[in-house]
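Participant: Protein chains in written order, with the numbering used here: chain Y, 81 to 228; chain B, 81 to 228. We put the beta carbon where it would ideally sit given N, CA and C, even for glycine. Quick caveat, the model's predicted, so the values are computed rather than measured. I have a structure here, written as structure tokens, and I will follow up with some questions on it.
There are 2 protein chains.
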Amino acid sequence: MIRNLTEHDKEHLQEALVKSGQKVTPQREAVFTVLLAERDHPTVDEVFNRAREVMPGLSLATVYNCLETFVGCGLVRQVNHERESTRYCPNLAPHAHFRDKETGQVHDIELPPDVMKSLRSILPPGFDSEVIEISFLGRAQAKDSHSN
Amino acid sequence: MIRNLTEHDKEHLQEALVKSGQKVTPQREAVFTVLLAERDHPTVDEVFNRAREVMPGLSLATVYNCLETFVGCGLVRQVNHERESTRYCPNLAPHAHFRDKETGQVHDIELPPDVMKSLRSILPPGFDSEVIEISFLGRAQAKDSHSN
DNA sequence: CTTGCGGATTAGACTCATTCTAATTGAGTT
DNA sequence: AACTCAATTAGAATGAGTCTAATCCGCAAG
């Protein structure tokens, strides 16, 4: 179910960690592997349970720590909907999130540069934004179960 | 500090409540008054404290109930940022939210119809969205302290 | 070697927004 | 005056996330 990291992904992880003064540890590799294996925006608990299959001693606190570290060095994004549990997403390309009202599934929606630009343009002078979050809520005709 | 509802706002409240089979109660009037008095996107706790000045016996559970009811009949919107406490906003026009990283203040950003349309247009076929949430995070040159 | 250092990991306690529960109130009826 | 049914209430319960203090582990210095 959970494959090992490809050489490429391993380098990606290592580079990002080292660049922000963090170490590569077995726990971090395991958590990162889980994130890449199934890109369905898992919650911390889901990551925890999946990672335990591969590293049974892993603790929940460590999963929180790893994910926080990854966010800190730009390896993954947090995804929040209302006040539900935070989900995690290794897709780094700019994208919005679509949440299916029925299934709860989260899908990535590609965000073309011109839409980004038009969004930025609605900010009145004096407002300077680093992060823009866009989330849709609705229903999706099931097609591919995951989100990319 | 907290003025009474204008006749107009009172009718607005009454109409929305009755239309969805709810009753007008003193508690609901008090909470709605608080929301309209200062449009700074208060948290439940802030609403609670402000409303207590006017109705000391009011309970926190009731504030939660009232706000939930208001959301249900379209009188107010919930505003969430990451996993912080939910805030409430009586601005019904389509708008985005800008959250100041430093002060935590939330400002409303008007959302022109063509931007809404271009956003809707990025959804692949099969995706049908009712609600779009857009939130900016950044720094705002203080100007008017409230949002609206 | 083996000792010491500092970051990473861990279990479990803690926080705090929100929800739930069960009892009470109160307005409008019969 | 008794009924009814939603709204209100206080306090308990939930649960995601954070904090704490102890342990672990890789690595560099002696």
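1) Between B:I212 and chain Y, is there a C-beta pair that is closer than 8 Å?
2) Buried or exposed for Y:T149, going by 16 or more other Cβ atoms inside 10 Å?
3) Whole-angstrom Cβ separation of Y:N160 and B:N160, contact assumed at under 8 Å?
4) Could you tell me which residues DSSP puts in a beta bridge with Y:E213?
5) Using C-beta distances below 6 Å, list every residue in its chain close to Y:A176, excluding the 5 sequence neighbours before and after it, in chain order.
6) Work out the CA separation of Y:A96 and Y:V151 for me, nearest whole Å.
7) Can you tell me which of the three DSSP states B:A173 falls into?
8) DSSP three-state label for B:T166, please.
9) Per DSSP, what kind of secondary structure is B:T194 in: helix, strand or coil?
10) Classify Y:V211: buried if its beta carbon has 16 or more other beta carbons within 10 angstroms, exposed otherwise.
11) Hey, quick one: how far does the alpha helix (DSSP H) through B:R132 stretch, first residue to last?
12) Around the Cβ of B:R108, are there at least 16 other Cβ atoms within 10 angstroms (buried) or fewer (exposed)?
13) Rounded to whole angstroms, what's the CA-CA distance from B:D194 to Y:D194? Just pull it up for me.
Facilitator: The short version:
1) Within the second sequence, numbered from 1, the residue matching residue 212 of chain B stands at position 132. With 8 Å as the cut-off, B:I212 counts as an interface residue toward chain Y.
2) If you number the first sequence from 1, residue 149 of chain Y lands on position 69. It counts as buried.
3) As a position in the first sequence, residue 160 of chain Y is number 80, starting the count at 1. As a position in the second sequence, residue 160 of chain B is number 80, starting the count at 1. That pair is a contact at about 7 Å.
4) On the first sequence, residue 213 of chain Y is found 133 positions in, with the first residue counted as 1. Answer by DSSP bridge pairing, in chain order: B:S215.
5) Reading the first sequence from its first residue, position 96 is the one you call residue 176 of chain Y. Within the same chain, Y:A176 has close Cβ partners I189, L191, I214.
6) Counting from 1 along the first sequence, the entry for residue 151 of chain Y is found at position 71. Counting from 1 along the first sequence, the entry for residue 96 of chain Y is found at position 16. About 11 Å.
7) As a position in the second sequence, residue 173 of chain B is number 93, starting the count at 1. Of the three classes helix, strand and coil, the one that applies to B:A173 here is coil, per DSSP.
8) Translated into positions along the second sequence, residue 166 of chain B becomes position 86. Looking at B:T166 - three-state DSSP - the assignment turns out to be coil, as it is neither helix nor strand.
9) Locating residue 194 of chain B in the second sequence gives position 114, counting from the first residue. In the sequence as presented, Thr is not what sits at residue 194 of chain B; that position holds Asp. Three-state DSSP puts B:D194 in a helix.
10) Along the first sequence, one-based indexing puts residue 211 of chain Y at 131. Y:V211 should be labelled exposed.
11) Locating residue 132 of chain B in the second sequence gives position 52, counting from the first residue. Taken as a continuous stretch (DSSP letters only), the alpha helix (DSSP H) holding B:R132 covers 124 to 132.
12) On the second sequence, position 28 is the one that residue 108 of chain B refers to. Classification for B:R108: buried.
13) As a position in the second sequence, residue 194 of chain B is number 114, starting the count at 1. As a position in the first sequence, residue 194 of chain Y is number 114, starting the count at 1. Rounded to whole angstroms, B:D194 to Y:D194 spans 13 Å at the Cα level.
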